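**Q** I'd like to ask some things about the structure below.
Residue numbers (our numbering), protein chains in the order written: chain F, 1 to 263; chain Z, 264 to 571.
Below, the structure written as structure tokens:
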């Protein structure tokens with residue numbers, strides 16, 4: 001059924017800390033590794049060793065350059081992007097076959113590969129680019145929140161988390177029930193001001209992003225040692241001058257050389 | 264958006280087919296039984312052939328065409344499913360109408376209700392087609408009040424042009440058909456011009472800052488992969504967008520050619536109605552291609568565009 005459940009018992013999802021993410025791609029590769037043999041199998045690759053490799057991935061790590069107001073220097077924010085398991089996802093309601101569905105028990109959005117006709121309309125309906133069409137198998141693929149790990153009783157308790165969360169070396173990814181106000185992830189969202197992507201789209205994402213923390217002012221060096229006029233300092237100043245002079249002439253030589261080469 | 268050629272063929276061919284079917288329903292409603300069995304059978308065949316070609320071609324872009332029947336199940340939530348249901352239900356209605364209208368089955372009192380049913384089902388199917396696009400909040404150029412009216416207007420106008428051509432073939436070309444075509448082409452031109460003006464002057468709803476939540480001064484620094492992925496191929500199509508101005512002029516030129524052909528078929532010889540049908544269908548195909556190419560999906564905000 002592509003009609004959405006009114007409420008879900010749990011709202012399982014991820015909290016992604018943009019302050020901590022270093023863009024190492026470990027979550028993306030572990031996701032690919034797990035899910036190409038899990039319920040989403042296969043995540044196909046086309047021409048993987050050619051100049052134009054194409055492949056289905058459920059998690060993509062972007063890099064953005066952010067300029068804070070009133071600062072000249074920029075900062076780099078690594079930005080993992082995957083399915084947000086929205087509360088009111090149009091990717092589910094547009095599905096004509098019922099292959100896309102949102103689970104009433106935990107809110108996970110899934111695709112049934114047995115009934116998907118590969119019309120791609122769900123990928124058009126997703127503002128977050130979370131769904132990727134797998135051409136060789138002719139069906140749509142998306143993040144399953146590792147539904148085959150998180151309930152897997154063959155795993156020890158600590159391994160029952162999505163592969164991306166398990167793989168993250170900096171702890172930038174947390175998994176839990178965002179519908180439970182007392183859960184660790186909900187507390188994290190409260191403490192750090194976790195936010196929704198494109199809230200005006202109205203899809204009510206479950207996954208939350210934690211903003212990068214305010215920056216310490218490392219660009220300005222505050223405590224330059226003041227001159228005390230000692231003999232030692234004069235010696236260093238003289239040495240500095242001595243060593244600076246040949247550099248200037250060396251640079252002149254370089255330009256001469258380049259002139260000659262160009263000529 | 265990447266224009267899938269099968270979808271362009273589908274929406275233009277079936278649009279014309281449903282437009283023709285609706286008009287034939289209207290003809291039956293006004294005039295009762297057709298004066299010629301050959302004309303009735305041929306025109307019904309053309310309408311259903313256009314619809315069927317369209318529907319079949321729409322299954323070509325599916326990953327699993329053999330599962331297409333499943334698309335009839337989710338009409339409660341999905342406009343694509345509703346379109347499929349409406350399209351399938353139109354067949355028996357159209358066949359029944361064709362049989363009584365042509366006189367192959369002698370039941371003249373059924374012509375009027377079945378004619379109305381043809382009109383209604385055709386309009387409903389094209390309405391659903393338009394709604395598939397108009398309901399997508401992710402594509403501001405589609406999520407627009409004029410999307411559905413343009414689909415309906417193009418369907419009717421191309422249907423009327425095809426009707427004029429088929430009528431000519433059977434010596435049943437009438438001045439009224441020319442007037443109908445001219446009015447519908449004028450409606451198309453007005454609606455499409457309004458639509459283009461609206462999307463050109465629309466204020467972008469989302470920025471890269473909204474998409475990432477990182478505020479007003481965000482720039483793409485590094486893409487997540489070395490080659491383009493499905494998202495970029497499907498949603499990031501820009502080939503025709505670069506030529507949008509030229510293509511818009513081409514649409515208008517084709518519509519103008521259709522108008523001239525309509526006038527010539529009236530004033531010189533009805534055989535110009537074939538040029539009319541060809542020009543109108545050309546305009547519809549280029550317009551549909553542009554409809555895809557000019558659509559900017561918000562997911563592109565993650566891939567470097569500033570606003571959508």
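Ideal placement from N, C-alpha and C gives every residue a C-beta, glycine not left out.
Quantities reported herein were computed from a predicted structural model and do not represent experimental measurements.
Closer than 7 Å by C-beta to residue 197 of chain F: which residues in its own chain qualify, once you throw out the five before and the five after it? Chain order, please.
**A** Sequence index remark: in the first chain, residue 197 of chain F carries index 197 (1-based). The answer, listed in chain order, is 84, 128, 205, 209.
**Q** Could you tell me whether the Cβ atoms of residue 212 of chain F and residue 77 of chain F are closer together than 8 Å?
**A** Here residue 212 of chain F corresponds to residue number 212 of the first chain, with the count starting at 1. Here residue 77 of chain F corresponds to residue number 77 of the first chain, with the count starting at 1. For residue 212 of chain F and residue 77 of chain F, yes; Cβs fall inside 8 Å.
**Q** Taking the alpha carbon of residue 377 of chain Z as the reference point, which residue from Z:292, Z:423, Z:324, Z:329 has its own alpha carbon closest?
**A** For the purposes of this step, residue 377 of chain Z is identified with residue 114 of the second chain, where counting begins at 1. Among Z:292, Z:423, Z:324, Z:329, the Cα nearest to that of residue 377 of chain Z belongs to Z:292.
**Q** Under the three-state reduction of DSSP, which class applies to residue 35 of chain F: helix, strand or coil?
**A** Your numbering for residue 35 of chain F matches position 35 in the first chain. If DSSP states are grouped into helix, strand and coil, residue 35 of chain F belongs with the helices.
**Q** Quick check on residue 440 of chain Z: buried or exposed, where buried means 16 or more other Cβ atoms within 10 Å of its Cβ?
**A** Locating residue 440 of chain Z in the second chain gives position 177, counting from the first residue. Buried, by the Cβ-count rule.
**Q** Are the Cβ atoms of residue 171 of chain F and residue 185 of chain F separated by less than 8 Å?
**A** Along the first chain, one-based indexing puts residue 171 of chain F at 171. Along the first chain, one-based indexing puts residue 185 of chain F at 185. Not a contact, by the Cβ cut-off of 8 Å.
**Q** In three-state DSSP terms, what is residue 280 of chain F?
**A** Any property of residue 280 of chain F remains undetermined from this structure, which presents chain F solely from 1 to 263.
**Q** Pairing CB atoms from the region 379-399 of chain Z with CB atoms from the region 411-422 of chain Z, are three or more of them under 8 Å?
**A** With the cut-off at 8 Å, the region 379-399 of chain Z and the region 411-422 of chain Z touch.
**Q** Using DSSP with H/G/I as helix, E/B as strand and the rest coil, what is residue 62 of chain F?
**A** Position 62 of the first chain, counting from 1, holds the residue named residue 62 of chain F. DSSP places residue 62 of chain F in strand when its eight states are reduced to three.
**Q** Hey, is residue 3 of chain F's beta-carbon within less than 8 Å of any beta-carbon in chain Z?
**A** Numbered from 1 along the first chain, position 3 holds the residue referred to as residue 3 of chain F. Yes, its Cβ sits closer than 8 Å to a Cβ of chain Z.
**Q** When we look at the beta-carbon of residue 18 of chain F and count the other beta-carbons within 10 Å, is it buried (16 or more) or exposed?
**A** Translated into positions along the first chain, residue 18 of chain F becomes position 18. With 16 or more other Cβ atoms within 10 Å, it is buried.
**Q** In whole angstroms, what separates the C-alpha of residue 285 of chain Z from that of residue 99 of chain F?
**A** In the second chain, the residue the question calls residue 285 of chain Z occupies position 22. In the first chain, the residue the question calls residue 99 of chain F occupies position 99. Going from the Cα of residue 285 of chain Z to the Cα of residue 99 of chain F covers about 33 Å.
**Q** Do the CB positions of residue 313 of chain Z and residue 350 of chain Z come within less than 8 Å of each other?
**A** On the second chain, position 50 is the one that residue 313 of chain Z refers to. On the second chain, position 87 is the one that residue 350 of chain Z refers to. In this structure, residue 350 of chain Z does not lie closer than 8 Å to residue 313 of chain Z by Cβ.
**Q** Are there 16 or more other CB atoms within 10 angstroms of the CB of residue 554 of chain Z, so buried, or fewer, so exposed?
**A** What you label residue 554 of chain Z is simply residue 291 of the second chain in a count that begins at 1. Looking at its Cβ environment, which holds 16 or more other Cβ atoms inside 10 Å, residue 554 of chain Z is buried.
**Q** Applying the criterion that 16 or more other CB atoms from any shown protein chain within 10 Å of the CB defines a buried residue, is residue 275 of chain Z buried or exposed?
**A** Working through the second chain from its first residue, we reach residue 275 of chain Z at position 12. Buried.
**Q** Can you give me the Cβ contacts of residue 563 of chain Z inside the same chain, cut-off strictly under 7 Å, excluding the 5 residues immediately before and after it?
**A** Mapped onto the second chain, residue 563 of chain Z falls at position 300. Closer than 7 Å at Cβ, skipping near neighbours: 498, 499, 571.
**Q** Compute the distance between the beta-carbons of residue 53 of chain F and residue 489 of chain Z, then report whether it is under 8 Å.
**A** Taking the first residue of the first chain as position 1, residue 53 of chain F is located at position 53. Taking the first residue of the second chain as position 1, residue 489 of chain Z is located at position 226. Going by C-beta atoms, residue 53 of chain F is nearer than 8 Å to residue 489 of chain Z.
**Q** Got a sec: is the Cβ-Cβ distance from residue 102 of chain F to anything in chain Z below 8 Å?
**A** Locating residue 102 of chain F in the first chain gives position 102, where the first residue counts as 1. No, residue 102 of chain F does not count as interfacial toward chain Z.
**Q** Please compile the residues from chain F whose C-beta is within a distance smaller than 9 Å of the C-beta of residue 469 of chain Z.
**A** In the second chain, the residue the question calls residue 469 of chain Z occupies position 206. Under the 9 Å cutoff, chain F gives 127, 198, 200, 201.
**Q** Can a CB atom of chain F be found closer than 8 Å to the CB of residue 410 of chain Z?
**A** Indexing the second chain from 1 puts residue 410 of chain Z at position 147. Taking Cβ atoms only, chain F never reaches closer than 8 Å to residue 410 of chain Z, which makes this a no.
**Q** Which value, in whole angstroms, describes the spacing of the CA atoms of residue 341 of chain Z and residue 348 of chain Z?
**A** On the second chain, position 78 is the one that residue 341 of chain Z refers to. On the second chain, position 85 is the one that residue 348 of chain Z refers to. When rounded, the distance between both Cα atoms is 11 Å.
**Q** May I ask which residues mark the beginning and end of the beta strand (DSSP E) holding residue 267 of chain F?
**A** In the structure as shown, chain F begins at 1 and stops at 263. Residue 267 of chain F is therefore absent and cannot be evaluated.
**Q** Counting only the same chain and skipping the five closest in sequence on each side, list residues whose C-beta sits under 7 Å from that of residue 24 of chain F.
**A** Reading the first chain from its first residue, position 24 is the one you call residue 24 of chain F. Cβ within range, chain order: 169.
**Q** Just by C-beta distance, which residues in the region 397-425 of chain Z are closer than 8 Å to chain F?
**A** Hits within the stretch, in order: 398, 399, 400, 401, 402.
**Q** Is residue 97 of chain F close to chain Z, meaning its C-beta is less than 8 Å from at least one C-beta of that chain?
**A** As a first step, residue 97 of chain F must be located in the first chain, where it is residue number 97. Yes - at least one Cβ of chain Z is within 8 Å of the one on residue 97 of chain F.
**Q** Using a Cβ-Cβ cut-off of 8 Å, state whether residue 551 of chain Z counts as contacting chain F.
**A** Counting from one through the second chain, the residue named residue 551 of chain Z turns up at place 288. Chain F contact via Cβ: absent.
**Q** Look up residue 470 of chain Z in the DSSP assignment and say whether it is helix, strand or coil.
**A** The residue you call residue 470 of chain Z lines up with position 207 of the second chain. The answer is strand: DSSP assigns residue 470 of chain Z an E or B state.
**Q** Alpha carbon to alpha carbon, how far is residue 327 of chain Z from residue 139 of chain F?
**A** Looking up residue 327 of chain Z in the second chain gives position 64. Looking up residue 139 of chain F in the first chain gives position 139. Looking at the two C-alpha atoms, the distance is approximately 8 Å.
**Q** Given that residue 333 of chain Z touches chain F, what residues does it touch there, using C-beta distances under 8 Å?
**A** Sequence index remark: in the second chain, residue 333 of chain Z carries index 70 (1-based). Those within 8 Å of residue 333 of chain Z in chain F are 96, 97, 98, 99, 115, 117.
**Q** Tell me, please, whether the region 433-453 of chain Z touches the region 510-530 of chain Z by the rule of three or more beta-carbon pairs shorter than 8 Å.
**A** Because the criterion of three Cβ pairs below 8 Å is met, the region 433-453 of chain Z and the region 510-530 of chain Z touch.
**Q** Shorter than 8 Å from the beta carbon of residue 474 of chain Z to some beta carbon of chain F?
**A** What you label residue 474 of chain Z is simply residue 211 of the second chain in a count that begins at 1. Yes, because at least one Cβ of chain F sits closer than 8 Å to the Cβ of residue 474 of chain Z.
**Q** Do you know offhand how far residue 294 of chain Z's Cα is from residue 307 of chain Z's?
**A** Reading the second chain from its first residue, position 31 is the one you call residue 294 of chain Z. Reading the second chain from its first residue, position 44 is the one you call residue 307 of chain Z. Going by the C-alpha atoms only, they are around 16 Å apart.
**Q** Taking all protein chains shown into account, decide if residue 506 of chain Z is buried (16 or more other Cβ within 10 angstroms of its Cβ) or exposed.
**A** Walking along the second chain from the start, residue 506 of chain Z turns up at place 243. That one is exposed.
**Q** Would you call residue 396 of chain Z buried or exposed, if buried means 16 or more other Cβ atoms sit within 10 Å of its Cβ?
**A** Along the second chain, read from residue 1 onward, the residue named residue 396 of chain Z stands at position 133. Buried, by the Cβ-count rule.
**Q** Whose CA, out of F:88, F:15, F:73, F:201, lies closest to the CA of residue 474 of chain Z?
**A** Indexing the second chain from 1 puts residue 474 of chain Z at position 211. For the residues F:88, F:15, F:73, F:201, the minimum Cα distance to residue 474 of chain Z belongs to F:201.
**Q** If you measure from the beta carbon of residue 274 of chain Z to each beta carbon in chain F, is any gap under 8 Å?
**A** As a first step, residue 274 of chain Z is located in the second chain; it is residue number 11 there, counting from the start. Judged by the 8 Å Cβ criterion, residue 274 of chain Z is not in contact with chain F.
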